[in-house]
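Below is one structure, written out as structure tokens; comments come after it.
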Amino acid sequence: MADFDVPVLKEYPVIPVIQPGSMAHLSPYKSKPDHNTGIGFPGELVDDWHDKAVAKIGDMVKNSRALQVFLDICVKCGACTDKCHYFLGTGDPKNMPVARQDLLRKVYRRHYTFAGKFFGALGIPGFVGAADLTKEVLDDWYTYFHQCSQCRRCSVFCPYGIDTAEISMAAREIMDTIGIGSKYNNEIIVKAHKIGNNLGLPEPALVNTMEGLEEDVKDETGIDVKFPVDVKGADVLLITPSADFFAEPHIDGLIGYAKVFHQAGISWTLSSYASEAANFSMFIGSGDNLKKQAMRIRDAAMDLGVKRIVSGECGHAWRVAYSFWNTLIGPFDFLDPNYPVPQHICELTHDLIARGALKIDKEANDHRIITFHDSCNVSRASRMGNTPGGQFTIPRDIIKSVANNFHDMAPETIHENTFCCGGGGGLLTDDLVELRVKGAMPRMEALKHVIDDHGVNYLTAICAICKSQFAKVLPYYDHPMDMIGSLHQLVSTAIQLGDKE
Amino acid sequence: MSSVTMLYAFLLYAAFAVLLIGVLRKIIIYARTPQPLKIPTTPAPVTKAGVVWRIAKEVTVFESLFKASKWTWIFGWIFHLSLLLAFFRHLRYALSPESFLWPIINLEIVQSFGKYAGFAMVVGLLGLIGRRIFVDRVRYITSPSDHFMLLLIIGIAITGLLMSFVERIDVIMLKSFLLSLVYFDWNNIQAMPTDTILMVHLGLVITLMFIFPISKLLHAPGIFFSPTRNQVDNPREQRHVQGWTADDSATSKPV
Chain A
1 MADFDVPVLK EYPVIPVIQP GSMAHLSPYK SKPDHNTGIG FPGELVDDWH DKAVAKIGDM
61 VKNSRALQVF LDICVKCGAC TDKCHYFLGT GDPKNMPVAR QDLLRKVYRR HYTFAGKFFG
121 ALGIPGFVGA ADLTKEVLDD WYTYFHQCSQ CRRCSVFCPY GIDTAEISMA AREIMDTIGI
181 GSKYNNEIIV KAHKIGNNLG LPEPALVNTM EGLEEDVKDE TGIDVKFPVD VKGADVLLIT
241 PSADFFAEPH IDGLIGYAKV FHQAGISWTL SSYASEAANF SMFIGSGDNL KKQAMRIRDA
301 AMDLGVKRIV SGECGHAWRV AYSFWNTLIG PFDFLDPNYP VPQHICELTH DLIARGALKI
361 DKEANDHRII TFHDSCNVSR ASRMGNTPGG QFTIPRDIIK SVANNFHDMA PETIHENTFC
421 CGGGGGLLTD DLVELRVKGA MPRMEALKHV IDDHGVNYLT AICAICKSQF AKVLPYYDHP
481 MDMIGSLHQL VSTAIQLGDK E
Chain B
1001 MSSVTMLYAF LLYAAFAVLL IGVLRKIIIY ARTPQPLKIP TTPAPVTKAG VVWRIAKEVT
1061 VFESLFKASK WTWIFGWIFH LSLLLAFFRH LRYALSPESF LWPIINLEIV QSFGKYAGFA
1121 MVVGLLGLIG RRIFVDRVRY ITSPSDHFML LLIIGIAITG LLMSFVERID VIMLKSFLLS
1181 LVYFDWNNIQ AMPTDTILMV HLGLVITLMF IFPISKLLHA PGIFFSPTRN QVDNPREQRH
1241 VQGWTADDSA TSKPV
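Line order of the protein sequences matches chains A and B. Numbering-wise, the first sequence is residues 1 to 501 according to the working numbering. Numbering-wise, the second sequence is residues 1001 to 1255 according to the working numbering.
Laid out in structure tokens, this is it:
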């Protein structure tokens, strides 16, 4: 099945012995010049890349307290060294968070600290962990900053909260600035700028697809559940990852949202102009593109005259929405102040269930034995509800309200300790399958235990990337590919539409 | 005034100036550098008071490190606690008898435990250095300077212990020397005891002070500025703009 060794799942987690260079061979395809210029970067590696990159580091630390502090204060204590799923799955020491950070930090130290300059002048920069930016270092940057899914697990355990995601975003921004980008990310951002979603799906196709879904649901339930597009004056603008329109198992989640809106009597609409919740500009650390992508959503909300914005199931998109939207495209004074902006679809469904506004038949899900995968960006970079940790309780509350059989995975692998699916952070591309499979190992191991102990047959996720990634990697570990599903697919199964009125 | 006294007086002033100015400069840089986006590691406190509590736990009991690695935590925590006790105990050499800090310095815990803290400090430091040598992952990320700093502090601790338990020095004389520096009594700087062990001890301390603001030892002030720890989790309730997000916060017009 694979031209690499799939990790063996163990009874207990084992920290691997370091294997230097074991993942040095794997990096994603580089972007074509069009994709770089399309998002404001040079098409190809510029001649004075060394000086430009070094200058960019100096510029960035002046404009990001996180970067400035994180590059200065790491004491190399090693607390993070066994926390990254990519290290656990590959044993490559450059996948240890601190070692990954050091790829950038050593160049920062060489050029922007007294110690690095002093020992550099003496010819021994390595004494203080500094190094010159050589072509080899640049290659290492490209390779290993594209083996980080920006999941922030390391930042939970760092005594100073150093977040490798910030460093890897910065490094990708520096590389883009000198003309090196990853094809997967940059090509998608160009599409999102041009058409409004990552798939490059134009308005007629979106409308057509939604009409198809209306027919499907009508055939199945006999009910006219609407999937509206560009409806002016709707109450809710739904911003959801475009994978929800097409991909399996995502689409069953979208059907779930539509049924919830239908039964609650909430008028809603998609926007063909802002038909994407994902914002891959975060993955490449580009503030300008991040804002430009997000701005489509503000514009669409104003244009359609909606009162609320609800976000579909997507991890990094929820981070961007929850943590960054108000900053980037706020204030939202033109929306109804009685609702949080943005509101997560799980918050909305949770409220409706709590108010008894949905008619639920829990037994409809009795064939499923369910576990829940906490997505990184939801768990460690955002919140749901009014209290810290609501992002853990709200999805689980929903599952327990719509189904009878639920079992959590081991505590050290859920909530803020959750392991990345292995495909986040702009790595969900076929050129990185080996990394994705190996990086999924810790999650697969925890999953195997609940399969063995409880017969779990349904892995719930609330992230488009997680869903696609699991569909891809589950078979490598001999788990059924179709055991991954949306949370709102469970809601969709349990919700009783017909006899409500 | 002997040349030894003059040399140490000069070095102590210089080291103190470098430490103070260097760390202050960094603190000002950290405080002034904008943090354009909200990036607290969640679950995070939703109030300012909650953030104070979160950081208080980090700096007193090393909460995150405890979650990460019990060995690193126990060695690191023993070392830092010993350092704190030793620091308070040393204040008696540099404070006048009228100082308001005397009640703290005279505490039984500072004087008795502080005396033995040096041993705990060495134990903690040896544990930390042991990890750098024996754990392959930590060995991989260790630079010579990481060992150097640990050895430097071990040297300070051992020479300190030797003066407490083996080769006592004239602490009355030391105190009058240091007080004359503290009070800038430059016309009347008192002579420093010239025991070799004291000169080594102070020499190492001076080296540490010079290194502090240009090294990873900046983690001490830095942790208070770490956005993943010091930001309040309230992006929906309160609009956050800073740096580039404030520069062009004017949002676009409707399409």
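C-beta: ideal position from N, C-alpha, C; glycine also. Being a predicted model, the structure only gives us computed values, none of them experimental.
Item                                                                                                                                                                       : Value
Using a Cβ-Cβ distance cut-off of 9 Å, determine whether PHE157(A) contacts chain B.                                                                                       : yes
Starting from the Cα of MET169(A), find the closest Cα among ILE398(A), GLN147(A), GLU347(A) and give me that residue.                                                     : GLN147(A)
Bridge partners of PHE372(A), per DSSP?                                                                                                                                    : THR460(A)
State the CB to CB distance for the pair SER1226(B) and TYR160(A), rounded to an integer number of angstroms; the pair is presumed to be in contact (CB under 8 Å).        : 5 Å
Give the straight-line distance between the Cα atoms of LEU1065(B) and GLY385(A), rounded to the nearest whole angstrom.                                                   : 28 Å
What's the C-alpha gap between ALA318(A) and GLY1118(B)?                                                                                                                   : As written in the sequence, residue 318(A) is Trp, which differs from the Ala given in the question. Rounded to the nearest angstrom, the two C-alpha atoms are 50 Å apart.
Any residues in the stretch 1195–1224 of chain B with a beta carbon nearer than 9 Å to a beta carbon of chain A? Which ones, in chain order?                               : ILE1211, PRO1213, ILE1214, SER1215, LYS1216, LEU1217, LEU1218, HIS1219, ALA1220, PRO1221, GLY1222, ILE1223
Based on Cα-Cα distance, which residue from VAL61(A), CYS346(A), TYR339(A) lies nearest to LEU487(A)?                                                                      : CYS346(A)
List in chain order: all unbroken alpha helix (DSSP H) runs of 4+ residues lying wholly within the stretch 257–340 of chain A.                                             : 287–304, 315–319, 325–329
How should ARG1168(B) be labelled, buried or exposed, when 16 other C-beta atoms within 10 angstroms of its C-beta is the threshold for buried?                            : exposed
Grab me the residues of HIS454(A)'s own chain with a C-beta within less than 7 Å of its C-beta, minus the 5 sequence neighbours each way, in chain order.                  : ILE369, HIS407
If you draw a straight line from the C-alpha of ASP1332(B) to the C-alpha of ILE1021(B), how long is it?                                                                   : The structure shown does not extend to residue 1332(B), since chain B is modelled only from 1001 to 1255, so the question has no answer here.
With a threshold of 16 other CB atoms inside 10 Å of the CB of ALA1086(B), please say whether the residue is buried or exposed.                                            : buried
Can you give, in chain order, each stretch of the alpha helix (DSSP H) that sits fully within the stretch 1170–1250 of chain B and has at least 4 residues?                : 1171–1182, 1196–1211, 1219–1222, 1227–1230, 1244–1247
When DSSP builds the beta bridges, which residues end up paired with HIS344(A)?                                                                                            : SER311(A)
If you draw a straight line from the alpha carbon of ILE414(A) to that of HIS373(A), how long is it in whole angstroms?                                                    : 7 Å
What are the residues of the stretch 55–66 of chain A that lie near chain B, defined by any Cβ-Cβ distance shorter than 8 Å?                                               : VAL61, LYS62, ASN63, SER64, ARG65, ALA66
What's the C-alpha gap between LEU1150(B) and ALA294(A)?                                                                                                                   : 48 Å
Enumerate in chain order the residues of its own chain whose CB-to-CB distance from MET60(A) is below 6 Å, with the five nearest sequence positions on each side excluded. : LEU67, ALA170
With the cut-off set at 9 Å, would you say VAL6(A) and LYS472(A) are in Cβ contact?                                                                                        : no
Cβ closer than 7 Å: which chain B residues qualify as neighbours of PRO331(A)?                                                                                             : ARG1239
Candidates VAL1023(B), LEU1174(B), PHE1088(B): which alpha carbon is nearest MET1209(B)'s?                                                                                 : VAL1023(B)
Does the CB of ASP335(A) have a neighbour CB from chain B at under 9 Å?                                                                                                    : One detail in the question is off: residue 335(A) reads as Leu in this sequence, not Asp. Chain B contact via Cβ: absent.
Does VAL310(A) come within less than 9 Å of chain B when only Cβ atoms are used?                                                                                           : no
In this structure, what does DSSP give as the bridge partners for LYS30(A)?                                                                                                : SER182(A)
Among the residues of its own chain, which have a CB less than 8 Å from the CB of ILE1156(B), if the five just before and after it don't count?                            : HIS1201, LEU1204, VAL1205, LEU1208
Just the chain B side, please: which residues come within less than 7 Å of PRO340(A) by C-beta, in chain order?                                                            : ARG1236
Under a three-way DSSP split, which group does ALA206(A) fall into?                                                                                                        : It should be noted that the sequence gives Leu, not Ala, for residue 206(A). Helix at LEU206(A).
Return helix, strand or coil for GLY485(A), following the three-state DSSP convention.                                                                                     : strand
To the nearest angstrom, how far is it from the Cα of ARG1025(B) to the Cα of ALA1031(B)?                                                                                  : 10 Å
With H, G and I counted as helix, E and B as strand and the rest as coil, what does DSSP make of LEU138(A)?                                                                : helix
Does the stretch 36–56 of chain A come close enough to the stretch 195–211 of chain A to have 3 or more Cβ pairs within less than 8 Å?                                     : no
Bridge partners of ILE360(A), per DSSP?                                                                                                                                    : ILE495(A)
Since VAL229(A) and LEU206(A) are thought to touch, with beta carbons under 8 Å apart, how far apart are those beta carbons, to the nearest angstrom?                      : 6 Å
Under the three-state reduction of DSSP, which class applies to ILE239(A): helix, strand or coil?                                                                          : strand
Please classify ILE1028(B) as buried or exposed, where buried requires at least 16 other C-beta atoms within 10 Å of its C-beta.                                           : exposed
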